[in-house]
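These notes concern the structure reproduced below.
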Amino acid sequence: MVKSTDHHAYLEVITGAMFSGKTRELHRQYSVFKSCQFNVQVFKRDIDDRYGKDEIKTHDGLIFDGKDVFISKDVNEIEKKIKKDTDVLMVDEAQFYGSEIVEKADKWINNGKIVVLTLLPTDYRGMTFGPAGDLLAKADKITQVFARCLHYENGVYCHKPATRTFRTKSDIKEVVVIGGSEMYEPRCRQHHFFNK
Ligand SMILES: [Zn+2]
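Each position in the sequence shown, counted from 1, maps to that position plus 24 in the working numbering.
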């Protein structure tokens, strides 16, 4: 199979609360690109405990090939690792890369790369997360994914579509605290609140 050389570059943002399946959607697109012989690089900021040595797994066990995955702590490090023949740049958790990623994404697209980002749009307080507003404004395509609200009252879960991330440990006040379901849960607008 010969891959198309005529693809057009664009910015896609995959957005949603924690536990909404952003990385799962990134992996779905990764698989499609790979099946079409596109060269893909996936950038992540940190190594996570759930990753094996030579591969990266999503929460639910989907695997990105380790040779396509590049741990990069900032956008300059991403840029240094971009290969000339790469067609698609994927960045997981783009909110952690700060405002610099907005300008860089434009540059990468101008250089012919397809850029696909996952993005947590708001922090646990419901405030816009770093570069999220600009990235959503500049996206050619926005894919929004939803979790289900886990607010529990009178013996029943809400289970409406959740667009926000609620921190269940209210004594922790820092904005960026890496955690999983022991600390965060998806909530709908009605059930998302934040006590200053
Ligand atoms: Zn709810």
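Think of the CB as a built atom: it goes at the ideal place given N, C-alpha and C, for glycine as much as any other residue.
- Query: What residues in its chain sit with their C-beta under 8 Å from that of PHE94, if we drop five residues either side in the sequence?
  - Reply: The sequence position of residue 94 within the sequence shown is 70, counting from 1. Excluding residues within five positions, the ones whose Cβ falls inside 8 Å are GLN65, VAL66, PHE67, LYS68, ILE102 and LYS105.
TODO: Buried or exposed for MET151, please, with buried defined as at least 16 other CB atoms from any protein chain shown within 10 angstroms of its CB.
DONE: Within the sequence shown, residue 151 is the residue found at index 127, counting from 1. Its Cβ having fewer than 16 others within 10 Å, MET151 is exposed.
**Request:** Give the straight-line distance between the Cα atoms of ARG211 and GLY203, rounded to the nearest whole angstrom.
**Result:** For the purposes of this step, residue 211 is taken as residue 187 along the sequence shown, with counting starting at 1. For the purposes of this step, residue 203 is taken as residue 179 along the sequence shown, with counting starting at 1. For ARG211 and GLY203, the distance between alpha carbons rounds to 16 Å.
(Q) Could you check if HIS175 belongs to the surroundings of ligand 1, using beta carbon to heavy atom distance under 7 Å? (A) Taking the first residue of the sequence shown as 1, we reach residue 175 at position 151. Result yes, Cβ under 7 Å from ligand 1.
When you compare only the Cα positions, how much space is there between VAL37 and GLY157? The count along the sequence shown starts at 1 and reaches residue 37 at position 13. The count along the sequence shown starts at 1 and reaches residue 157 at position 133. In a straight line, the C-alpha of VAL37 is about 11 Å away from that of GLY157.
In DSSP terms, what VAL37 is bridged to: In the sequence shown, counting from the first residue as 1, residue 37 sits at position 13. Partner(s): LEU141 and ILE166.
**Report entry** C-beta contact flag for TYR34 and ASP164 at 8 Å
**Finding:** Locating residue 34 in the sequence shown gives position 10, where the first residue counts as 1. Locating residue 164 in the sequence shown gives position 140, where the first residue counts as 1. Contact flag set, yes.
VAL112 and VAL140: beta carbons closer than 8 Å? As a working mapping, residue 112 is identified with position 88 in the sequence shown. As a working mapping, residue 140 is identified with position 116 in the sequence shown. Result yes, Cβ atoms of VAL112 and VAL140 sit closer than 8 Å.
Alpha helix (DSSP H) segment containing VAL126, residue limits: Position 102 of the sequence shown holds residue 126. Run containing VAL126: 124–134, per the alpha helix (DSSP H) assignment.
* To do: Could you round the C-beta distance between THR192 and GLU209 to whole angstroms and report it? I think they count as a contact, below 8 Å.
  => Residue numbering aside, residue 192 sits at position 168 when the sequence shown is read from its first letter. Residue numbering aside, residue 209 sits at position 185 when the sequence shown is read from its first letter. Right, the Cβ-Cβ distance comes to about 6 Å (below 8 Å), so this counts as a contact.
Note to self: Is ARG191 near ligand 1 - that is, is its Cβ less than 7 Å away from at least one heavy atom of it?
What the structure shows: In the sequence shown, counting from the first residue as 1, residue 191 sits at position 167. ARG191: no, Cβ never under 7 Å from ligand 1.
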